[in-house]
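There are 2 protein chains.
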Amino acid sequence: MSRVLSGNGYAAAAVRERVLAAVRRIGYVPDANARTLRNRSSRSIGVLISDLRDPFYADLAAGVEQELRTAGYHMVLVNDNGQAHEEMRAVTEFLAMRVPGVILTPVSARAVKTLHQQGIRVVQADRRVSRRYGDAVLGANEAGAEMVTRHLLDLGHRRIGLVIDETRWTSGAGRLAGYHAAHQAAGVPADERLIARNAGFDPEAAGKATGRLLDEHPDLTAVFAANNVLAQGALQEIQRRGVAVPRQLSLAAYDDVPWMSMVRPSITTVSQHSVELGRRSARVLLDRLAEGDPDRGTTVLNLEPELVVRSSTAPPTRNPR
Amino acid sequence: MSRVLSGNGYAAAAVRERVLAAVRRIGYVPDANARTLRNRSSRSIGVLISDLRDPFYADLAAGVEQELRTAGYHMVLVNDNGQAHEEMRAVTEFLAMRVPGVILTPVSARAVKTLHQQGIRVVQADRRVSRRYGDAVLGANEAGAEMVTRHLLDLGHRRIGLVIDETRWTSGAGRLAGYHAAHQAAGVPADERLIARNAGFDPEAAGKATGRLLDEHPDLTAVFAANNVLAQGALQEIQRRGVAVPRQLSLAAYDDVPWMSMVRPSITTVSQHSVELGRRSARVLLDRLAEGDPDRGTTVLNLEPELVVRSSTAPPTRNPR
DNA sequence: CTGTTAGCGCCTTCAT
DNA sequence: ATGAAGGCGCTAACAG
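Quick look at the structure:
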């Protein structure tokens, strides 16, 4: 049959014309499922993130999608809400679809391992739960957190609160390490009591955690909120209490999202270039798919974050909080 | 073969056990492509939006995804950046995938028509370009815009600028109509020169358009920005000029995104409940898929928006702008 | 009750 | 240079 035409092969000009005309007339498009079945290779890539409503993840996904689309792939996007069982459910679905690759902000190592063992290329984005399996594209969390913390120390702050949600993933662990590293380098002892761990995953919880920290440590002169959601909660609590930023308290964040440059004072933060993080993740995956089957090594990219100094950080003053 | 086990059918307990054990051991998952080919029905739904980085669309997509996932479907998400040719490209891909349905924030009627003619269920979300084909889940744009405009008129404003990007889609057209309707109802003549049309699709362009409006009409006492991106640009320009809100100028927006409640003053706006808009779009599609093939009528939902009065709107004062 | 078979649409190979 | 056939993995129907 003249199906050969649609791709490559030999055909008489007359026949070709006739077939193409018919194709156009009825709007025929080859069945991708049949093609996948036959070729044992799909153009769908599984993408698994924590929360599409968080602009950090939305930007990441947007970067991934852009790059995939350009390369002729498409993105099957699943939100796992940071829950391991939702993540595994999605993994199973990706396996069923026989996707050639998956990009995910991983929750459990099991998800990554399962995919890898089924021969699916995996890119861990933003954080890494498995050192054994899959490539990774990460932000340099320790370097980033060290930068902001040093910025605060350089301004003269000595009592710096840290609001952080979790420290088991590489992202949180790195930021915590950076906070410590900067103190160490400056010869300033880090006070563990100034670290509000498990500050929660929504602004309300983060606000409460920030409030507790401020209550228990009136000598705090600065707060570093370790991601955009935490920063939102922290700022809301600070505004609610009528604490003046940066006069009474400096505030620094991680992740640069639009509101941080819109509020007054604008927020000093560390930009992770989240869209680029997504683009690079996709690139790593696409490169991996392009190369043959050999498992030669593991690619791990660490994208350098950038300190964006704005108006929410200033030298400490005598502050009657 | 005992594949029947995986679904329904009869099988001896012993055989079943053995098969299930093997399945678990090698981690076998049935091939969704083969299943789709055989059953001529896929569990993938195409979702086509303008811009994942715009929180309005991100929320919409999040709502869609949540509902689809709950129902056992998954979302193939494509960004068309508002470009008709990207939209058609995605439509072709969805056709190739033999998706049973597509949810899109449409750009061109051709996309909707093509899908419909190929027997694919279509839900137009947020705006409608085709009255003939496909269901639609929309915000009541005219009602929403009339609410904010009336709010401003009630406060005593008589010279209200409108910053809007386009008025050909139902969303823009509705908001423009609401602006006019409120003036009409209040017996206040609407001045066409106060309407900045084609204000652009990014904050920078919107800021410039707002600036021009302010320059040309020093008697403006309020500005209504017809979506969140326009509002961002308008606010940035207003801040840049050091114009005091709401003392010198009231600002109202459309779409409620997080920064609007974080900036000071917080922004009066119309919430479209964008996540719900997505959820309902998915529900309409799923219901349509559940019912048989008959084309009985067209479902059009108009979700009522909500006026959220905050601090950026106040009665006009003598304003030395 | 269980094993076999046909065919979904595509693409590659082989035969004309 | 073109037509025919087989098989990817699945499931519904049928034969045993």
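Chains A and B are the protein sequences, given in the same order.
Quick note on the UniProt record's numbering: the first sequence kicks off at 1 and runs consecutively.
Quick note on the UniProt record's numbering: the second sequence kicks off at 1 and runs consecutively.
Ideal Cβ positions, reconstructed from N, Cα and C, are used throughout, including at glycine.
Among the options, the one whose alpha carbon lies nearest that of residue i
{"i": "alanine 96 of chain A", "options": "A:Ser108, A:Ser42 and A:Ala84", "result": "A:Ser42"}
{"i": "serine 171 of chain A", "options": "A:Arg193, A:Thr114, A:Pro189 and A:Gly144", "result": "A:Gly144"}
{"i": "valine 243 of chain A", "options": "A:Asp256, A:Leu220, A:Ala226 and A:Leu230", "result": "A:Leu220"}
{"i": "leucine 289 of chain A", "options": "A:Val229, A:Gly72 and A:Ala62", "result": "A:Gly72"}
{"i": "leucine 155 of chain B", "options": "B:Ile164, B:Leu251 and B:Arg69", "result": "B:Leu251"}
{"i": "isoleucine 160 of chain B", "options": "B:Asp191, B:Gln83 and B:Thr92", "result": "B:Asp191"}
{"i": "glutamate 67 of chain A", "options": "A:Pro246, A:Leu285 and A:Leu194", "result": "A:Leu285"}
{"i": "threonine 149 of chain B", "options": "B:Leu249, B:Asp287, B:Leu104 and B:Ala222", "result": "B:Ala222"}
{"i": "methionine 147 of chain A", "options": "A:Thr105, A:Ala177, A:Arg40 and A:Gly119", "result": "A:Ala177"}
{"i": "arginine 193 of chain B", "options": "B:Leu303, B:Gly187 and B:His180", "result": "B:His180"}
{"i": "phenylalanine 201 of chain B", "options": "B:Arg280, B:Gln83, B:His183 and B:His157", "result": "B:Gln83"}
{"i": "proline 100 of chain B", "options": "B:Asn39, B:Ser50, B:Leu60 and B:Arg53", "result": "B:Asn39"}
{"i": "aspartate 238 of chain B", "options": "B:Tyr254, B:Asp255, B:Ala253 and B:Leu214", "result": "Note that residue 238 of chain B is isoleucine in the sequence shown, not aspartate. Nearest option by C-alpha distance: B:Leu214."}
{"i": "alanine 58 of chain A", "options": "B:His74, B:Thr70, B:Arg69 and B:Val78", "result": "B:Val78"}
{"i": "aspartate 256 of chain A", "options": "A:Ser271, A:Gln118 and A:Leu235", "result": "A:Ser271"}
{"i": "serine 266 of chain B", "options": "B:Gly233, B:Ser281, B:Val309 and B:Ala282", "result": "B:Val309"}
{"i": "isoleucine 195 of chain B", "options": "B:Glu216, B:Ile103, B:Leu249 and B:Asp135", "result": "B:Glu216"}
{"i": "asparagine 141 of chain B", "options": "B:Glu306, B:Gly63, B:Pro315 and B:Val64", "result": "B:Glu306"}
{"i": "asparagine 198 of chain B", "options": "B:Arg168, B:Leu52, B:Asp126 and B:His74", "result": "B:Arg168"}
{"i": "glutamine 117 of chain B", "options": "B:Val107, B:Ala125, B:Arg127 and B:Val102", "result": "B:Val102"}
{"i": "proline 55 of chain B", "options": "B:Gln232, B:Gln248, B:Ser312 and B:Val245", "result": "B:Gln232"}
{"i": "arginine 321 of chain B", "options": "B:Thr268, B:Glu304, B:Gly211 and B:Gly292", "result": "B:Gly211"}
{"i": "serine 312 of chain A", "options": "A:Ala253, A:Asn319, A:Pro246 and A:Gly292", "result": "A:Pro246"}
{"i": "threonine 268 of chain A", "options": "A:Glu65, A:Leu152 and A:Ala125", "result": "A:Leu152"}
Beta-ladder partner(s) of residue i, from DSSP
{"i": "isoleucine 45 of chain A", "result": "A:Met75 and A:Gly101"}
{"i": "glutamine 124 of chain A", "result": "A:Leu104 and A:Ala136"}
{"i": "leucine 95 of chain A", "result": "For leucine 95 of chain A, which the question treats as bridged, DSSP gives no partner whatsoever."}
{"i": "glutamate 306 of chain A", "result": "A:Ser271"}
Delimiting residues of the beta strand (DSSP E) encompassing residue i
{"i": "asparagine 302 of chain B", "result": "300 to 303"}
Start and end residues, alpha helix (DSSP H) containing residue i
{"i": "alanine 62 of chain B", "result": "55 to 70"}
{"i": "glycine 161 of chain B", "result": "Note, glycine 161 of chain B: premise wrong, no alpha helix (DSSP H); beta strand (DSSP E) at 160 to 163."}
{"i": "glycine 144 of chain A", "result": "141 to 155"}
{"i": "glutamine 118 of chain A", "result": "Careful: glutamine 118 of chain A lies outside any alpha helix (DSSP H) and carries neither H nor E."}
{"i": "valine 19 of chain A", "result": "13 to 26"}
{"i": "serine 36 of chain B", "result": "It should be pointed out that residue 36 of chain B corresponds to threonine in this sequence rather than to serine. 32 to 39 is the span of the alpha helix (DSSP H), which, as asked, contains threonine 36 of chain B."}
Worksheet item: Taking contact to mean at least 3 C-beta pairs separated by less than 8 Å, is the segment 28 to 44 of chain B in contact with the segment 257 to 273 of chain A?
Response: No, the segment 28 to 44 of chain B is not in contact with the segment 257 to 273 of chain A.
Worksheet item: For the segment 180 to 239 of chain B, which segments carrying the alpha helix (DSSP H) assignment without a break, of at least 4 residues, lie completely within its bounds, in sequence order?
Response: Listed in chain order, the complete alpha helix (DSSP H) runs (minimum 4 residues) inside the segment 180 to 239 of chain B are 203 to 216.
Discussion item. Three or more C-beta pairs under 8 Å: does that hold for the segment 108 to 120 of chain A against the segment 85 to 93 of chain A?
Written reply: yes
Worksheet item: Do the segment 291 to 306 of chain A and the segment 125 to 135 of chain A make contact, defined as three or more Cβ pairs closer than 8 Å?
Response: yes
Worksheet item: Can you give, in chain order, each stretch of the alpha helix (DSSP H) that sits fully within the segment 234 to 297 of chain A and has at least 4 residues?
Response: Counting whole runs of 4 or more residues, the segment 234 to 297 of chain A contains the alpha helix (DSSP H) stretches 259 to 262 and 274 to 290.
Worksheet item: Hey, is the segment 12 to 21 of chain B in contact with the segment 43 to 53 of chain B, meaning 3+ C-beta pairs nearer than 8 Å?
Response: no
Practice prompt. Determine contact between the segment 203 to 223 of chain B and the segment 274 to 281 of chain B, defined as no fewer than three beta-carbon pairs at a distance below 8 Å.
Written response: The segment 203 to 223 of chain B vs the segment 274 to 281 of chain B: no contact.
Discussion item. Would you call the segment 156 to 167 of chain A in contact with the segment 211 to 230 of chain A, where contact means no fewer than 3 C-beta pairs closer than 8 Å?
Written reply: Touching, yes.
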